[in-house]
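Just so we're aligned, residue 373 is where the sequence shown starts under the working numbering, counting upward by one. Each residue gets a CB set at the ideal place from its N, CA and C atoms; glycine is no exception.
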Amino acid sequence: MLTPISGPYLVPFESHHISEDMATAPPEDAPGKKGCKKGLAEEIDQLDDLQRRLYAEDRRALLLVFQAMDAAGKDSTIRAVMTGVNPSGCQVYSFKQPSKEELDHDFLWRTTRCLPERGRIGVFNRSYYEETLVVRVHPEYLQNQRIDIPDNLEDLWRQRFEAIRQQEKHLAANGTVIVKFWLNVSRDEQRKRFLSRLEDPQKYWKFSAADVAERQHWDAYMHAYREMLAATSRPWAPWYAVPADDKPFMRWQVAKLIRKTLERMDPQYPDSPASGEHLAQIRKRLKRE
Ligand code: ATP
Ligand code: MG
Numbered sequence: 373m374l375t376p377i378s379g380p381y382l383v384p385f386e387s388h389h390i391s392e393d394m395a396t397a398p399p400e401d402a403p404g405k406k407g408c409k410k411g412l413a414e415e416i417d418q419l420d421d422l423q424r425r426l427y428a429e430d431r432r433a434l435l436l437v438f439q440a441m442d443a444a445g446k447d448s449t450i451r452a453v454m455t456g457v458n459p460s461g462c463q464v465y466s467f468k469q470p471s472k473e474e475l476d477h478d479f480l481w482r483t484t485r486c487l488p489e490r491g492r493i494g495v496f497n498r499s500y501y502e503e504t505l506v507v508r509v510h511p512e513y514l515q516n517q518r519i520d521i522p523d524n525l526e527d528l529w530r531q532r533f534e535a536i537r538q539q540e541k542h543l544a545a546n547g548t549v550i551v552k553f554w555l556n557v558s559r560d561e562q563r564k565r566f567l568s569r570l571e572d573p574q575k576y577w578k579f580s581a582a583d584v585a586e587r588q589h590w591d592a593y594m595h596a597y598r599e600m601l602a603a604t605s606r607p608w609a610p611w612y613a614v615p616a617d618d619k620p621f622m623r624w625q626v627a628k629l630i631r632k633t634l635e636r637m638d639p640q641y642p643d644s645p646a647s648g649e650h651l652a653q654i655r656k657r658l659k660r661e
């Protein structure tokens, strides 16, 4: 199993209490916008080469899970970080309200079908974790799932965490390296971003009244996130809580963590099945044609 990348954003394993004031802003000594953008570009350069090696090796997959409150910048981070990577080696899936077909299955079914193949990088924009976040904040959604609901709902979240830990452990033991990002935006920064969507006609399309309504449940979401981080940050599937109030800084940090993970995986080009001598003969023959 791959050892996670330690650092300030790695969520501790087996921790019962996750701090209420995890950083949403970059540290004071962080470089400015220009420095972050330069850092991101350097990471992306390296990601391209590492992804080629992962693809050629064709033995392991990398799964990147993104969770965040609305307007934290999931989409733009995924776009910014994966831009340099060959699209055929990378699969991005977004998970929204489950469809009728999805509700006819267990809660891990729809994401399991989208897991990355060996050699690929899979990106989950939201994931099965919504089943312990939005559904926990709105337990009435459980009615659509037609499952037995325990009298004490806490038992249900415990069961789900257990199922997720088992599933992730199974995947890790079978060649999928899992890295999870919680893009941690502050409530005030979210307010500013919603306001800017209302003030710029080019951003109107991004505005959703439902997102603003969801803000009222901020504390319930933060509680659900902390419980989720404590229950599911494990060495085989670590969570990184990345400050999200400054987008250039966040994108750079995410890219860096992905690059470091891939470097630690150290994918290798496979040996050619043919011997050097055999290849030399083929080369000669092709030249003669
Ligand atoms: P964007 O708004 O940036 O396009 P998004 O991920 O917010 O992206 P939306 O269509 O706005 O996409 O929202 C998806 C919604 O689906 C979110 O509110 C999320 O909580 C909800 N959702 C995701 N998974 C589930 C689930 N399993 N059960 C219920 N709701 C879910
Ligand atoms: Mg949305």
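Around the C-beta of residue i, are 16 or more other C-beta atoms found within 10 angstroms, so that it is buried, or is it exposed?
i: Pro610; result: buried
i: Ala603; result: buried
i: Tyr641; result: exposed
i: Asn493; result: First, the amino acid is wrong: residue 493 is Ile here, not Asn. Per the 10 Å Cβ criterion, buried.
i: Thr375; result: exposed
i: Ile519; result: exposed
i: Arg606; result: buried
Return the bridge partner residues of residue i from the DSSP annotation.
i: Thr504; result: Paired residue(s): none; Thr504 is not in a bridge.
i: Lys552; result: Val437, Trp611
i: Asn458; result: Answer is none; Asn458 lacks a bridge partner.
i: Val464; result: Val495
i: Arg606; result: Ala609
i: Leu382; result: Tyr612
DSSP three-state label for residue i, please.
i: Lys410; result: helix
i: Asn516; result: helix
i: Arg485; result: coil
i: Arg490; result: coil
i: Phe621; result: helix
i: Leu419; result: helix
i: Leu374; result: coil
i: Leu480; result: coil
i: Met600; result: helix
Check whether the Cβ of residue i lies closer than 7 Å to any heavy atom of the ligand MG, and answer yes or no.
i: Asp447; result: no
i: Asp583; result: yes
i: Ser580; result: yes
Following a CB-centred definition, is residue i positioned closer than 7 Å to any heavy atom of the ligand ATP?
i: Arg451; result: no
i: Glu438; result: The question names Glu, but residue 438 is Phe in the sequence shown. Because no heavy atom of the ligand ATP lies under 7 Å away, the Cβ of Phe438 does not count as near it: no.
i: Gln469; result: yes
i: Val614; result: no
i: Val507; result: yes
i: Asn524; result: no
*Runs of beta strand (DSSP E) lying entirely within the region 524-568, each at least 3 residues, in chain order*: 548-556
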